[in-house]
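So the structure is just underneath, and the comments pick up after that.
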Amino acid sequence: MLAVLNLVERIFDRIDRAIAPWLLPALARFVFAATLAVYYWKSAASKLGDGIFSLSVGAYAQIFPKAMEAASYNPANLSFPGLRALIVYAATYGEFILPFLIIVGLLTRLAALGMIGFVTVQSIVDITGHGLSEKSIGAWFDNVPDSLILDQRAFWIFLLLFIVAKGGGSLAIDRLLIDNRRQERSENSS
Numbered sequence: 469m470l471a472v473l474n475l476v477e478r479i480f481d482r483i484d485r486a487i488a489p490w491l492l493p494a495l496a497r498f499v500f501a502a503t504l505a506v507y508y509w510k511s512a513a514s515k516l517g518d519g520i521f522s523l524s525v526g527a528y529a530q531i532f533p534k535a536m537e538a539a540s541y542n543p544a545n546l547s548f549p550g551l552r553a554l555i556v557y558a559a560t561y562g563e564f565i566l567p568f569l570i571i572v573g574l575l576t577r578l579a580a581l582g583m584i585g586f587v588t589v590q591s592i593v594d595i596t597g598h599g600l601s602e603k604s605i606g607a608w609f610d611n612v613p614d615s616l617i618l619d620q621r622a623f624w625i626f627l628l629l630f631i632v633a634k635g636g637g638s639l640a641i642d643r644l645l646i647d648n649r650r651q652e653r654s655e656n657s658s
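Printed below as a string of structure tokens:
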């Protein structure tokens, strides 16, 4: 049995050294692009008003649902309207920019970390502001793997944590920039 385990370990060590450094980060970014990027881009687009720098009332309602209801769905009636507008702009453009950065592999780790924060805040707003049901929130180890928050978004965050840990990989703009910088330094030190 030990001989089989050693053989399997040697085989997978070789595979790991050969393809894992470039394949797994690229695959993680591809899975993010295939499953989450368009979701976030459509969400961001739904928050835009008449132009690219104009926000809809719905943008405020999605991010501050209870406050907007109390303000009769008029952003001007919100407490701290300037601060809330800044938050809504940051969230909206974050939904455009962060997925793009992850896909192309530019500032990949920071973008993935930003998306983890975004998903976390999004989940809190969904629970406290939009009043998700207990079934939608779900529970771990409950034999029901399709709840929106504790099941689905746990996978999202795991994928993003992998990208934070491994970076964009060798098929990312980050890697090109780092390799370029290293080459410049070695040429300058020669």
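The working numbering puts the first residue of the sequence shown at 469, with every later residue one more than the last.
Glycine included, every Cβ here is placed at the ideal spot set by N, Cα and C.
These numbers were taken from a predicted model, which means no experiment stands behind them.
Taking all protein chains shown into account, do 16 or more other C-beta atoms lie within 10 angstroms of the C-beta of residue i, making it buried, or fewer, making it exposed?
{"i": "Lys603", "result": "exposed"}
{"i": "Lys515", "result": "buried"}
{"i": "Ser615", "result": "buried"}
{"i": "Gly635", "result": "buried"}
{"i": "Pro543", "result": "buried"}
{"i": "Met583", "result": "buried"}
{"i": "Phe500", "result": "buried"}
{"i": "Ala527", "result": "buried"}
{"i": "Lys645", "result": "According to the sequence shown, residue 645 is Leu rather than Lys. Exposed, because fewer than 16 other Cβ atoms sit within 10 Å of the Cβ of Leu645."}
{"i": "Leu470", "result": "exposed"}
Which of helix, strand or coil does DSSP assign to residue i?
{"i": "Leu645", "result": "helix"}
{"i": "Leu516", "result": "strand"}
{"i": "Leu627", "result": "helix"}
{"i": "Leu523", "result": "strand"}
{"i": "Met536", "result": "helix"}
{"i": "Gly562", "result": "helix"}
{"i": "Gly635", "result": "coil"}
{"i": "Gly585", "result": "helix"}
{"i": "Asp610", "result": "coil"}
{"i": "Asn656", "result": "helix"}
{"i": "Phe548", "result": "coil"}
{"i": "Ser601", "result": "coil"}
{"i": "Asn474", "result": "helix"}
Report yes if the C-beta distance between residue i and residue j is below 8 Å; otherwise report no.
{"i": "Leu574", "j": "Ile631", "result": "no"}
{"i": "Thr576", "j": "Ala512", "result": "no"}
{"i": "Tyr557", "j": "Leu581", "result": "no"}
{"i": "Gly606", "j": "Ile595", "result": "no"}
{"i": "Gly637", "j": "Ala494", "result": "yes"}
{"i": "Leu639", "j": "Trp490", "result": "yes"}
Of the choices the options, whose alpha-carbon is the least far from that of residue i?
{"i": "Ala496", "options": "Lys510, Ala622, Gly517, Ile571", "result": "Ile571"}
{"i": "Gly585", "options": "Ile595, Pro549, Pro543, Leu628", "result": "Leu628"}
{"i": "Tyr508", "options": "Phe564, Ser638, Ile595, Asn648", "result": "Phe564"}
{"i": "Ala633", "options": "Ser601, Pro613, Leu578, Ile617", "result": "Leu578"}
{"i": "Gln590", "options": "Phe568, Ala501, Ala529, Arg482", "result": "Ala529"}
{"i": "Phe498", "options": "Asp647, Lys510, Leu475, Pro567", "result": "Pro567"}
{"i": "Val587", "options": "Ile555, Trp624, Gly526, Ile646", "result": "Trp624"}
{"i": "Val593", "options": "Lys534, Ile483, Asn656", "result": "Lys534"}
{"i": "Arg554", "options": "Ile479, Glu652, Phe532", "result": "One detail in the question is off: residue 554 reads as Leu in this sequence, not Arg. The candidate whose alpha carbon is nearest that of Leu554 is Phe532."}
{"i": "Leu540", "options": "Arg552, Val525, Leu551", "result": "According to the sequence displayed, residue 540 carries Ser and not Leu. That would be Val525, whose Cα lies nearest to the Cα of Ser540."}
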